[in-house]
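If you read the sequences in order, they're chains U and W.
So that you can map any letter, position 271 of the first sequence is 271 in the numbering used here, and since no number is skipped, the others follow by simple counting.
So that you can map any letter, position 229 of the second sequence is 229 in the numbering used here, and since no number is skipped, the others follow by simple counting.
Only one structure is covered here, and it is reproduced in the block below.
There are 2 protein chains.
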Amino acid sequence: MTQIYDKVALIGLGLIAGSMGLAMKKAGLAGTIVGHAKSEATRTTALQLGLVDTVCATAAEAVADADLVVLCVPVGAMNTVAAEIGPALKVGATVSDVGSVKARVIEMVQPHLPNTVHFVPAHPIAGTENSGPNAGFAELFMGKWTILTPVPNANEAATEQLRQLWAAMGAKVDVMEPERHDLVLSVTSHVPHLIAYTMVGVADDLERVTDKEVIEFSTGGFRDFTRIAASDPTMWRDVFLNNKEATLDILGRFTEELFDLQRAIRRGDGDQLFDHFTRTRAIRRGIVEAGHDTSADDFGRAPKKDD
Amino acid sequence: MTQIYDKVALIGLGLIAGSMGLAMKKAGLAGTIVGHAKSEATRTTALQLGLVDTVCATAAEAVADADLVVLCVPVGAMNTVAAEIGPALKVGATVSDVGSVKARVIEMVQPHLPNTVHFVPAHPIAGTENSGPNAGFAELFMGKWTILTPVPNANEAATEQLRQLWAAMGAKVDVMEPERHDLVLSVTSHVPHLIAYTMVGVADDLERVTDKEVIEFSTGGFRDFTRIAASDPTMWRDVFLNNKEATLDILGRFTEELFDLQRAIRRGDGDQLFDHFTRTRAIRRGIVEAGHDTSADDFGRAPKKDD
């Protein structure tokens with residue numbers, strides 16, 4: 001495939017940066033890939049795994065001469081990193097990020113950037129419950145959405161070039177306003193994660209009483225919850241602190257609905273429960289039809305029938 | 001494998017009964033398998049798929065001469081079915097069921113059974129989001145738990161024989177008191193399902209505003225929620241109506257914890273969020289170590305690295 005950027009700098013070397021490095025190398029999308037992580041151990045691991053070509057001890061060194069700089073640090077660290085790299089950026093460079101919230105990242109990063117660079121925030125909606133440089137793999141973004149949220153008056157050529165990079169890494173790319181992104185993701189991702197974290201905590205309290213029964217008999221629903229709740233604590237703390245408004249709005253709607261179903265259970269209103277559960281089945285069908293998931297038994301995890 | 005029962009009657013021919021029929025046939029565990037479903041179309045499908053050897057138009061006919069009768073109907077229908085089969089049961093037969101709640105099923109079924117039969121309630125903790133006779137497959141119970149909840153003074157030989165049947169179908173078998181079962185399952189299964197149903201309903205409301213964005217960008221957490229929420233509405237309605245006390249207890253704990261995290265978000269208390277999210281990771285480790293799930297990337301659904 002054609003090279004899209006001459007020099008790319010990845011700031012932060014966790015799951016997403018590592019996967020980007022591997023994906024770009026595999027497809028020959030970058031001339032050189034430079035990486036920076038605060039921890040020397042992480043930098044060494046990233047080099048050994050071949051996630052990047054070289055590493056630098058500081059973010060400012062890493063971004064020097066880079067045509068594309070991607071901030072792959074937790075959202076809470078964006079402010080500090082942007083302040084550090086701002087003065088070192090090459091004229092005409094594109095700066096992007098991979099944060100799960102966008103409006104706050106723009107607020108934190110943009111003031112530190114000179115007018116001579118192009119800022120195109122991005123959010124690859126991809127991940128696993130594993131984190132760190134060892135967790136990366138080149139196919140992480142294949143068939144997943146990456147959402148670009150360019151700032152007003154963004155340079156169209158810079159946005160298009162970044163779109164090409166993500167598409168070449170296998171992603172489907174969409175463009176959205178930052179605030180719309182944060183609302184949509186609060187319902188499709190952020191609040192579901194918070195709920196999973198909560199339920200797993202409740203189970204943990206109960207576990208002490210029931211002598212491991214909770215873990216032994218976890219399955220289906222709860223098993224899925226624990227997967228969600230195993231995700232990176234730092235990343236998720238920062239998501240909730242930085243998408244506060246949308247999270248609280250959606251949480252409010254959620255508890256209203258939950259209390260409504262809870263009341264139906266208390267009153268024994270089977271019709272209301274049945275109607276609600278029937279309606280939610282339809283959404284699932286929408287997701288399967290949109291090609292986001294498999295309709296296979298047990299979510300595609302069933303044992304093979306010819307075992 | 002050795003035949004365990006001469007004649008088995010399956011009352012209700014959905015996912016669980018169909019899978020039992022296929023599993024018993026595959027391993028030669030039953031001499032004859034007779035099935036009954038209210039719907040003639042279901043009976044025809046079950047015969048065509050070979051889930052059972054013969055079908056009967058009434059439950060009473062199906063249980064005649066059966067050594068094992070398994071009630072595979074929704075929990076809400078147990079009462080009616082038990083009343084119908086009670087007078088037709090063979091002396092010395094074992095009666096069991098596969099309901100997801102146990103105390104209420106015992107309340108509903110036991111009064112209708114003559115003293116000449118053995119009642120050993122059971123709950124296979126296995127399923128998919130698909131339902132109906134077409135959804136069954138012989139390996140559904142492989143490696144999953146089945147919990148037996150024998151009534152006080154239950155016949156030990158009858159319990160042991162049923163344990164052998166489930167083990168021969170691939171299940172791990174445990175014995176538990178009915179009330180303990182209902183509490184444990186409320187936290188590992190029932191309340192997580194209710195929460196998933198609720199969240200998917202909230203998303204559905206929002207979808208009308210955001211023109212399919214909710215479905216397009218569903219992933220990770222929300223994708224798992226929609227799987228859960230696609231389960232059989234009738235079954236789940238009956239679960240909540242018949243495990244009301246434990247469900248409301250666990251829901252109360254859940255909302256307490258959720259409000260605590262919500263308050264931490266509102267106040268910007270990152271330490272509390274981080275500590276909670278770190279704690280939930282440990283439970284996930286417990287589940288992986290107990291062999292209930294894979295630690296593979298993206299829950300084992302990631303694209304192959306050598307694609």
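Don't be surprised by glycine CBs; every beta carbon is placed ideally from N, CA and C.
| Query | Result |
| --- | --- |
| Cβ-based burial, residue 92 (chain W) [other Cβ within 10 Å; buried from 16] | exposed |
| Cβ separation of residue 102 (chain U) and residue 178 (chain U), assumed to be a contact under 8 Å, to the nearest whole Å | 4 Å |
| Where residue 20 (chain W) falls: helix, strand or coil (DSSP) | helix |
| Cβ of residue 211 (chain W) within 8 Å of any chain U Cβ | At residue 211 (chain W) the pLDDT is 46, less than 50, meaning the model places this residue with poor confidence; the figure from the coordinates comes in the next sentence. No, its Cβ sits nowhere closer than 8 Å to a Cβ of chain U. |
| Integer-rounded CB distance, given that residue 170 (chain W) should sit under 8 Å from residue 23 (chain W) | 7 Å |
| Residue-chain proximity (residue 197 (chain W), chain U), Cβ-Cβ < 8 Å | yes |
| Contact check, residue 100 (chain U) vs residue 120 (chain U), beta carbons under 8 Å | no |
| Cutoff 7 Å; reference residue 196 (chain W); Cβ partners in own chain excluding five residues on either side | 225, 228, 229 |
| For residue 113 (chain U), the nearest candidate out of U:71, U:234, U:39 (CA to CA) | U:71 |
| Ordered list of beta strand (DSSP E) runs contained in the stretch 78-127 of chain U, each at least 3 residues | 94-97, 122-124 |
| Chain U contacts made by the stretch 91-106 of chain W, where a contact means CB separation under 9 Å | none |
| From U:181, U:108, U:232, U:57, residue whose alpha carbon lies closest to that of residue 132 (chain U) | U:232 |
| Helix, strand or coil at residue 54 (chain U) [DSSP, three-state] | strand |
| Residue 140 (chain U), DSSP secondary structure in three states | coil |
| Where residue 67 (chain W) falls: helix, strand or coil (DSSP) | coil |
| Within-8 Å CB hit, residue 244 (chain U) to chain W | yes |
| Under 8 Å between C-beta atoms of residue 21 (chain U) and residue 10 (chain U) | yes |
| Short CB-CB distance (under 8 Å) between residue 69 (chain U) and chain W | no |
| Residue-chain proximity (residue 236 (chain W), chain U), Cβ-Cβ < 8 Å | yes |
| Under 8 Å between C-beta atoms of residue 222 (chain U) and residue 189 (chain W) | yes |
| Proximal chain W residues relative to residue 33 (chain U), where beta-carbon distance stays under 7 Å | Result: empty, since nearest Cβ-Cβ is about 19 Å, beyond 7 Å. |
| Alpha-carbon spacing of residue 67 (chain U) relative to residue 79 (chain U), whole angstroms | 21 Å |
| Every unbroken alpha helix (DSSP H) inside the stretch 129-173 of chain W [4 residues or more] | 156-168 |
| Residue 54 (chain W) at chain U interface by Cβ criterion, 8 Å | no |
| Beta-carbon contacts of residue 53 (chain U) that lie in its chain and below 6 Å, excluding the five residues immediately before and after | 32, 33 |
| Chain U contact for residue 13 (chain W) (CB, 8 Å cutoff) | no |
| Where residue 2 (chain W) sits in the DSSP three-state scheme | coil |
| For residue 36 (chain U), the residue or residues it bridges with in DSSP | U:11 |
| Within chain U, partners of residue 248 (chain W) - CB distance below 9 Å | 262, 265, 266 |
| Limits of the unbroken alpha helix (DSSP H) element including residue 235 (chain W) | 233-242 |
| Residue-level contact to chain U via CB, residue 163 (chain W), 8 Å cutoff | no |
| Rounded straight-line distance, which links the Cα of residue 249 (chain U) to that of residue 256 (chain U) | 11 Å |
| C-alpha distance - residue 267 (chain W) paired with residue 163 (chain W), whole-angstrom precision | 53 Å |
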